[in-house]
Amino acid sequence: MTSKPKHFLSLADIPASELRAILDEAHARKAARQTAGKAWTKGRVDADAPLSGQTVALLFEKSSTRTRFSFDMGMRQLGGTSITATSADMQLGRGETIEDTAKVLSRFVDGIMLRANSHETLTALAHNADIPVINGLTDYNHPCQIMADLQTLEEQGRTLKDMSLTWVGDGNNVAMSFVNAAAKFGYRLVLSCPEGYQVRGQDVERARANGARIEIIQDPVKACAATDVVIADTWVSMGDADADQRMKDLADWQADDRLMKAAQDDALFLHCLPAHRGEEVSASVIDGPQSVVFDEAENRLHAQKAILTYCLNA
Ligand code: CP
Ligand code: NVA
């Protein structure tokens, strides 16, 4: 590949028009398969097989269910193939550098998806690869997840620029991607996080400078007042060491009936999963009528396919 590869590392780096096109592609690919109905098995290739002959490496430094299966099935549906490996399976786990790994894999495959402990590992991979690199979650952000979340809201008939989204709990990697996407899609984002768990201020300021409408309202009930979407995620992300302290500090930020009552009557509930009922979300909310978490999980597949075609068919 001679031109610069098209990476998907952060929603902050990708122009709004390109993100819009990715979301449109995700809707279109989902609709095409839904029209075909049950006659199409999940592994059947889309009619246009846009990634026929292409292979991506799916690399994991930490656990995954949705990201792993949606990327693998996504590549099959696009007519391509994937090779999955954990870092422990690779020489990466024995100290081979990420730079050398990038150069070697660039000779074998057409793209790389990485779930990394550290965002620096991801950026080092991208800087040294001749092929597109996709972020499958780092300690900093989770851009693929937010594309699926926004697809889920739109398929509920909602218009993103007219919506208020409220994040409650830990200002973690998933929250960061909502911050990074806010200026691109125009929604109002309210962040409700306890002291010590806020989203990094410099990223919020940068998003605001680019036109994002982001408000910090620490009180979770006030933050959810008349909101259109309540969003929660685990209080203990992969790599967090202080689980007991986090449970105490975040206890008042549980997404429960009290918060859904403060929100609009037709408010939706999002959670990227995996969820911990009784911790960051009550069972009544995540298993209740306003929750769209399993559509959200399914949409990882459709959004990922659109991201893969954006990166690999460039
Ligand atoms: N939401 C998400 O990324 O799930 P996995 O950790 O199972 O991939
Ligand atoms: N914030 C969570 C998301 C898991 C999909 C974590 O990083 O573990």
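Be aware that the sequence shown starts at 955, since it is given in the working numbering, and climbs by one per residue.
The C-beta atom is built at its ideal place from N, Cα and C for all residues, glycine as well.
None of the values given here were measured: they were computed from a predicted structure.
Query	Result
With the cut-off set at 8 Å, would you say Pro1097 and Ser1191 are in Cβ contact?	no
Rank Ala1011, Arg1022 and Arg1030 by C-alpha distance to the C-alpha of Ala1001 and give the top, closest one.	Arg1030
Measure the C-alpha to C-alpha separation of Val1183 and Asn1267 and round it to an integer number of angstroms.	33 Å
Exposed or buried, which one is Phe1223 when buried takes at least 16 other CB atoms within 10 Å?	buried
Using three-state DSSP, classify Ala1083 as helix, strand or coil.	coil
Smallest Cα separation from Glu1109: which of Leu1262, Asn1253 and Cys1265?	Asn1253
How about Val1133: is its Cβ closer than 7 Å to a heavy atom in the ligand NVA?	no
With 16 other CB atoms within 10 Å as the buried threshold, where does Lys1176 fall?	exposed
From Phe1025 to Gly1033, what does the alpha carbon distance come to, in whole angstroms?	12 Å
Report yes if the CB atom of Gly1049 is closer than 8 Å to the CB atom of Leu1068, and no otherwise.	no
Quick one: measure Cβ to Cβ for Glu1015 and Ser1036, integer angstroms, because I've assumed they're closer than 8 Å.	In fact, because the Cβ distance is near 17 Å, the residues do not count as touching under 8 Å.
DSSP state of His1225, grouped into three classes?	strand
When the Cα atoms are used, what is the spatial distance from Val1158 to Ile1168?	7 Å
Spatial neighbours of Leu1046 within its chain, please: CB distance less than 6 Å, with the 5 preceding and 5 following residues excluded, ordered by chain position.	Thr1055
Could you pull the start and end residues of the alpha helix (DSSP H) that Ala1056 belongs to?	Ile1052 to Phe1062
Using 7 Å as the cut-off, classify the Cβ of Pro1097 as near or not near the heavy atoms of the ligand CP, replying yes or no.	no
Report yes if the C-beta distance between Ala1186 and Glu1234 is below 8 Å; otherwise report no.	yes
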